[in-house]
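First the structure, in the form of structure tokens, and then the observations on it.
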Amino acid sequence: MTEARPGGGAPPARAAARAREGRWLAWLFLAPAGLVLLALVLWPIVYSIWRSLFDRSGQAFIGLGNYQRIFTDPDTFTALKNNLIWVLVAPALVTVLGLIFAVLTERVRWGTAFKLIVFMPMAISFLAAGIIFRVVYDQDPAKGVANAIITSVHDVFSSSSQYPGARPRDADAMPATDAGGFASVETIQPGSTILLPLVGVEAGTLPDEPQAAQPPAEAAGDQVTGTVWFDFTRGGGGVPGEIDDTEFALPGVTVQAVQDGEVVAEATTDDQGLFVLEGLDPGDVQITLPAGNFAQPFRGVSWLGPSLVTPAIIGAYVWMWAGFAMVLIGAGLAAIPRDALEAARIDGANEWQVFRHITVPLLAPVLTVVLVTMIINVLKIFDLVYIIAPGSSAQAANVIAVQMWAVSFGGAQDFGLGSALGVFLFLLVLPAMLFNIRRFRQEQQ
Amino acid sequence: MKRSVGIASAAALALVLSACGGDTGTDTPADDDTGAAEETTEDAGDDEATTDEGTDDGEATTDEAPADSGLALPDLSGEELEVAAVWTGTEQERFTLVLNSFEEQTGASIQYTSTGDDIAPVLTPRVEGGNPPDVAFLPQPGLLNEFAGRDALQPVSADVEAAIDANYDTVWKDLGTVDGNLYGVWFKAANKSTIWYDVDAIDAAGVAEPATWDDLVANSQTISDSGVTPWSIAGADGWTLTDWFENVYLSQAGPEMYDQLTNHEIPWTDPSVEEALNTLAEIWGADGFVVDGALQLDFPTSVTTVFSAGEAAMVYEGDFVAGVISGETDAVVGETANFFPFPAVGDAPAVVGGGDVAVAFTDTEASMALMAYLASPEAAEIWVAEGGFTSPNKSVDTALYPDDLSRGIAEGLIAAGDAFRFDMSDQMPSAFGGTPGQGMWQDLTDFLADPTDVQGVMESLEANASAAYGR
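In order, the protein sequences belong to chains X and D.
Mapping of the first sequence onto the working numbering: residues 154 to 598, in sequence order.
Mapping of the second sequence onto the working numbering: residues 15 to 485, in sequence order.
As structure tokens, then:
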């Protein structure tokens, strides 16, 4: 739009009128956004501060009482502690990973494809990511991917035991050792027989065609013979400690003879559950069943237990946001003048030195943006923690936003305390916001 | 240019404001009163909603359909009601049949809103905002007390009270009364003193139905010896652990002390509580009795652990376990899955139960007619016949239960009469007894994780209870 300009400058009154009209128009366009901000942002903040000074019912003025409770209530204290861990670990991790990805994808041929894959988790909501990781971290290796990988790797290097969970019938006669095996209390002499009844043998571990348990043969002078069998009759009945017709032999059990604290003989039971320990010197013999027979299969790590739940959720967070950091830093990287890097390389700097002394300092503004954005995000984290932590780990994983929700809407209905937590969170985020705003202003100048 | 820009922006502003104004509640699909500009979009939406057609049909058929019940329901053509409850999935489908019957007989149209398990955070803001549903089903008397305390509930009309007097035992009427005012109709009940077991595993172990707690512990040892883990416990859901505690405590300490503990007239550090926790530790803390990873099992997974995966022999929870078994496993209730009553821990076995109570937030003719309908045996019998439902209404014809198992559960509940006790944690303030990760739920989860620390758990329970009760 052009207006015919009179020769020379426009008269001052005209210019003032145009300036006023421009301002009026600007305010008109800003008005809807301004109203929305006023109603949805400014008013709730003011009301929350006001409400936080009252108690649960909203009638009694208690001043800073709610804020005192924030620091004395153990649940909230755990939340504060966890938020601190989050703020220290998650943004740094995301930024570092983003930096590594951004720098490396520049050199790789399929860089764009890799960037796409790393960035894709940004496309899903926190809720969806929470549900995904809840399943990934499931403790059962049949369901949870994380434990499935770990147990597969573990099983490559170690063999499984024959009868996990089995134990002797009489825990007093054959108590457990520290290593997980069992050792008899009373000793026997070479030339005698011994019965070793076991219980707790899972049905799936019995051989496909189990054989009836047999009583042991006579032992020669330097031998100990015996039977290991599953001392339980299906359907009950049977005498504990005696070999009944209905009971099955347990093949493949390793039995050891111990004399003077040393293992002097070892045998493995055959298909009838019989074993023979040979070459024994006269003297007291203790019979032991080593732990290798009974070790429970490795079931993976308890990701969502109280000790690991916060790192696990931070892992999920990093998975989502590393792509964001990578993209921002990649853009910053593209803006670095190549000649500086080339000059350094010509001067004999290796890649690591180039990275450390040139790339990173030049990227400092972008890294700061990413770091501060992550800090602000992480202080407010809610969805991931709420979805991923199961009820039993809810307290261990608590963060301020979840605590605010729990006291306001979950049972206690204490909006005073909830508002106080909200205001507290606001005050925590404020420094980061001010830092950002100051940086924007500096950049504009 | 200035004028056209000004007109255009003023028109845009007007459009925005008109969109914001008027009733845009998403829960009420038939809003014929809003401005003309919106009618076209509303009509397009209504084509999918069935309520308009429903209302028209209702008007046509009210005169023709014979009254199903002896209950005289008024003609409510054109009236709209909103009903909120926690039920989803199969339960929601079956409950909708009950609502449909009411719609057919009165011509009203009912919108059902499912709130999910945690109903308090959904209802409280709506009550505070002055937009509550007409009738809601609260799963805890504690919530009933809270809403009554806020004057959010309407006392029932004389018709409803008469129906309750005729069809329910006194204990149910008392449970629906707060400060002398009757607010609630108990529609759905749950018998929470049932232990469900895998028939195959129990037969293999050769154990009989236990009559006492000591029998149960001995059985558990035998089952463990047979090579099967005896118990599957849902440690991730704190409420299952509170039900364990309540059964043990009610049977051991008796109904009077149970009531005292419920009202926090005795502290949680009382010797009776210590005794109950020590008793619980006989199962929870015994080596190899509880399945691995119990702390992260939620309730439905704890049931499938027994009946699908076969990793445990028994699981304790209420009669609604049957619904999970038939819905999520291949086991057949009554053949491969069965239950026995929770054994006596003290002198006599106890029946602890739960339920959902219908309360009215609005005092209209339609709301009270619906409440009266819900108190009648006819309404209950619709869902009874579908299965997965136990009615506390003693006038219901128990022959309508779909199988002997559910009939046995229902008759056991009604036979307990006034010796029945409602689930303790549901009667307490929900900050203590009804919130995940807090209060009683969290303390008992900690106890399951470490059953040796009885003193610590008792002190934590007492501290949380004092905070919640305010005394």
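C-beta: ideal position from N, C-alpha, C; glycine also.
**Prompt:** Which residues does DSSP pair with Arg10/D in a beta bridge?
**Reply:** For chain D, the structure presents residues 15 to 485; residue 10/D sits outside this window and is missing.
**Message:** Suppose you measure from the CA of Leu217/X to the CA of Leu206/X; what does that come to, to the nearest Å?
**Reply:** To locate residue 217/X, count along the first sequence from 1; it is residue 64. To locate residue 206/X, count along the first sequence from 1; it is residue 53. So the two alpha carbons sit approximately 6 Å from each other.
**Prompt:** Can a CB atom of chain X be found closer than 8 Å to the CB of Thr38/D?
**Reply:** Here residue 38/D corresponds to residue number 24 of the second sequence, with the count starting at 1. At Thr38/D, the pLDDT of 38 sits below 50, so the modelled position is not reliable; the number obtained from the coordinates is stated separately. So no, Thr38/D is outside the interface.
**Limits of the unbroken alpha helix (DSSP H) element including Pro360/X** = Sequence index remark: in the first sequence, residue 360/X carries index 207 (1-based). No alpha helix (DSSP H) contains Pro360/X, which DSSP labels as neither H nor E.
**Message:** Please tell me whether Pro543/X has its Cβ less than 8 Å away from any Cβ of chain D.
**Reply:** Stepping through the first sequence from its first residue, residue 543/X is reached at position 390. Taking Cβ atoms only, chain D reaches closer than 8 Å to Pro543/X, which makes this a yes.
**Prompt:** What are the boundary residues of the alpha helix (DSSP H) that includes Phe254/X?
**Reply:** Counted from its first residue, the first sequence places residue 254/X at position 101. Per DSSP, Phe254/X belongs to the alpha helix (DSSP H) from 227–260.
**Item:** Through-space distance from Gly501/X to Leu494/X, alpha-carbon basis
**Value:** To locate residue 494/X, count along the first sequence from 1; it is residue 341. To locate residue 501/X, count along the first sequence from 1; it is residue 348. For Leu494/X and Gly501/X, the distance between alpha carbons rounds to 11 Å.
**Request:** Output yes or no for whether 8 Å exceeds the beta carbon distance between Gly458/X and Leu309/D.
**Result:** Counted from its first residue, the first sequence places residue 458/X at position 305. Counted from its first residue, the second sequence places residue 309/D at position 295. The answer is yes: Cβ separation under 8 Å.
**Request:** Alpha carbon to alpha carbon, how far is Leu95/D from Gly121/D? Give it in angstroms, no decimals.
**Result:** Counting from 1 along the second sequence, the entry for residue 121/D is found at position 107. Counting from 1 along the second sequence, the entry for residue 95/D is found at position 81. Distance between the alpha carbons of Gly121/D and Leu95/D is about 11 Å.
**Prompt:** How long is the line joining the alpha carbons of Trp258/D and Ser572/X, rounded to whole angstroms?
**Reply:** Your numbering for residue 258/D matches position 244 in the second sequence. Your numbering for residue 572/X matches position 419 in the first sequence. Straight-line Cα distance between these residues: approximately 36 Å.
**Message:** Please give me, in chain order, every unbroken run of the beta strand (DSSP E) with length at least 3 that falls completely inside the region 402–458 of chain X.
**Reply:** 407–412, 415–421, 427–430, 439–442
**Request:** Can you give me the Cβ contacts of Ala300/D inside the same chain, cut-off strictly under 6 Å, excluding the 5 residues immediately before and after it?
**Result:** The residue given as residue 300/D occupies position 286 in the second sequence. So no residue of the chain qualifies.
**Asked** My guess is that Val100/D and Leu384/D are in contact by the Cβ rule of under 8 Å, so how many angstroms apart are they, rounded?
**Response** Numbered from 1 along the second sequence, position 86 holds the residue referred to as residue 100/D. Numbered from 1 along the second sequence, position 370 holds the residue referred to as residue 384/D. Actually they do not touch by this definition, with Cβ atoms about 18 Å apart.
**Prompt:** If we ignore side chains and look at the alpha-carbon of each, how far apart do Val288/X and Asp312/D end up?
**Reply:** If you number the first sequence from 1, residue 288/X lands on position 135. If you number the second sequence from 1, residue 312/D lands on position 298. Computed Cα separation, rounded: 13 Å.
**Prompt:** Beta-carbon separation of Phe436/D and Leu167/D under 8 Å?
**Reply:** Sequence index remark: in the second sequence, residue 436/D carries index 422 (1-based). Sequence index remark: in the second sequence, residue 167/D carries index 153 (1-based). No, they are not a contact pair.
**Request:** Report all residues from its chain with a CB closer than 7 Å to the CB of Phe214/X; omit the five preceding and five following residues, and keep chain order.
**Result:** Numbered from its first residue, the first sequence carries residue 214/X at position 61. Counting only Cβ-Cβ distances below 7 Å, and skipping sequence neighbours, we find Leu206, Phe207.
**Asked** Using a C-beta cutoff of 8 Å, does Gly394/X count as contacting chain D?
**Response** Numbered from 1 along the first sequence, position 241 holds the residue referred to as residue 394/X. Answer no: the Cβ-Cβ gap between Gly394/X and chain D never drops below 8 Å.
**Item:** Length of the line joining the Cα atoms of Gly92/D and Val199/D
**Value:** In the second sequence, the residue the question calls residue 92/D occupies position 78. In the second sequence, the residue the question calls residue 199/D occupies position 185. C-alpha separation (whole angstroms): 25 Å.
**Asked** Are the region 387–406 of chain D and the region 176–189 of chain D touching by the rule of at least three beta carbon pairs closer than 8 Å?
**Response** yes
**Item:** Interface residues of the region 335–356 of chain X facing chain D [CB-CB below 7 Å]
**Value:** Val352, Gly353, Val354, Glu355, Ala356
**Message:** To the nearest angstrom, how far is the alpha carbon of Thr276/D from that of Pro285/D?
**Reply:** Your numbering for residue 276/D matches position 262 in the second sequence. Your numbering for residue 285/D matches position 271 in the second sequence. Rounded to whole angstroms, Thr276/D to Pro285/D spans 15 Å at the Cα level.
**Asked** Sorted by chain position, which residues of the same chain lie with C-beta nearer than 7 Å to Ala479/D's C-beta, five sequence neighbours on each side aside?
**Response** In the second sequence, the residue the question calls residue 479/D occupies position 465. Scanning its chain for C-beta atoms nearer than 7 Å, with the 5 sequence neighbours on each side dropped, one finds around Ala479/D the residues His278, Trp282, Phe446, in chain order.
**Per-residue burial, Asp417/D [other beta carbons within 10 Å of its own, 16 or more giving buried]** = Here the question's residue 417/D lines up with position 403 in the second sequence. With fewer than 16 Cβ atoms within 10 Å of its Cβ, Asp417/D is classed as exposed.
**Message:** At the level of alpha carbons, what is the spacing between Thr350/D and Asp251/D?
**Reply:** The residue labelled residue 350/D in the question sits at position 336 within the second sequence. The residue labelled residue 251/D in the question sits at position 237 within the second sequence. Their Cα atoms are separated by approximately 26 Å.
**Item:** Backbone CA spacing between Ala324/X and Gly445/X [nearest angstrom]
**Value:** Position 171 of the first sequence, counted from the first residue, corresponds to residue 324/X. Position 292 of the first sequence, counted from the first residue, corresponds to residue 445/X. Ala324/X and Gly445/X: Cα-Cα distance of roughly 18 Å.
**Asked** Could you check where the beta strand (DSSP E) with Asn352/D kicks off and where it finishes?
**Response** The sequence position of residue 352/D within the second sequence is 338, counting from 1. Taken as a continuous stretch (DSSP letters only), the beta strand (DSSP E) holding Asn352/D covers 351–355.
**Prompt:** First and last residue of the beta strand (DSSP E) that includes Val381/X?
**Reply:** In the first sequence, the residue the question calls residue 381/X occupies position 228. Here the beta strand (DSSP E) through Val381/X covers 377–383.
**Message:** Using only the alpha-carbon positions, how far apart do Ala336/X and Gly390/X sit?
**Reply:** As a working note, residue 336/X is residue 183 in the first sequence. As a working note, residue 390/X is residue 237 in the first sequence. If you take the alpha carbons of Ala336/X and Gly390/X, they lie about 27 Å apart.
**Request:** Could you work out which residue in Leu252/X, Val538/X, Ala166/X is closest to Gly468/X when comparing CA atoms only?
**Result:** As a first step, residue 468/X must be located in the first sequence, where it is residue number 315. Cα-wise, what sits closest to Gly468/X is Val538/X.
**Asked** How about Pro224/D and Pro357/D: are their beta carbons less than 8 Å apart?
**Response** Along the second sequence, read from residue 1 onward, the residue named residue 224/D stands at position 210. Along the second sequence, read from residue 1 onward, the residue named residue 357/D stands at position 343. Taking 8 Å as the Cβ cut-off, Pro224/D and Pro357/D qualify as a contacting pair.
**Prompt:** Does any residue of chain X bring its CB to less than 8 Å from the CB of Gly35/D?
**Reply:** Position 21 of the second sequence, counting from 1, holds the residue named residue 35/D. Residue placement at Gly35/D cannot be trusted, given a pLDDT of 49 that sits under 50; what the coordinates show is reported in the next sentence. Taking Cβ atoms only, chain X never reaches closer than 8 Å to Gly35/D, which makes this a no.
**Item:** Rounded straight-line distance, which links the Cα of Ile237/D to that of Leu570/X
**Value:** Taking the first sequence and counting its residues from 1, the one referred to as residue 570/X is at position 417. Taking the second sequence and counting its residues from 1, the one referred to as residue 237/D is at position 223. Taking the straight line joining both Cα atoms gives about 49 Å.
**Message:** Assuming Ala203/D is part of the beta strand (DSSP E), what are its boundary residues?
**Reply:** As a first step, residue 203/D must be located in the second sequence, where it is residue number 189. That run of the beta strand (DSSP E) goes 198–205.
**Message:** According to DSSP, simplified to helix, strand and coil, what is Thr386/X?
**Reply:** As a position in the first sequence, residue 386/X is number 233, starting the count at 1. Coil at Thr386/X, not helix or strand.
**Asked** chain X partners of Thr459/D, CB-CB under 8 Å?
**Response** Translated into the one-based positions of the second sequence, residue 459/D becomes position 445. Within 8 Å Cβ-Cβ: Gly544, Ser545.
**Asked** For Val346/D, which residues does DSSP report across the bridge?
**Response** By one-based count along the second sequence, residue 346/D stands at place 332. The partner list for Val346/D (beta bridge, DSSP) is empty, contrary to what the question assumes.
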